[in-house]
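Working notes, beginning with the structure itself.
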Amino acid sequence: FQHATGELENTAGLRTGKKDLARALTIARERGIDTSRL
Numbered sequence: 693f694q695h696a697t698g699e700l701e702n703t704a705g706l707r708t709g710k711k712d713l714a715r716a717l718t719i720a721r722e723r724g725i726d727t728s729r730l
């Protein structure tokens, strides 16, 4: 959303955001947390 509204200053931040999200989902799956509703 920040990228779409122009609030994100650099696109590298968008890339790291995606990596952080993927990392969080991976950890959640490893711990047996249901991520299907996210």
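Adding 692 to a residue's 1-based position in the sequence shown gives its number in our numbering.
Backbone N, C-alpha and C fix where the C-beta goes; we use that ideal spot for every residue, glycine too.
Cβ atoms of Leu717 and Thr727 come within 8 Å of each other, at about 5 Å. For Ile719, the three-state secondary structure derived from DSSP is helix. Excluding five sequence positions before and after Arg721, the CB atoms of its chain that fall closer than 8 Å to its own CB belong to Thr727, given in chain order.
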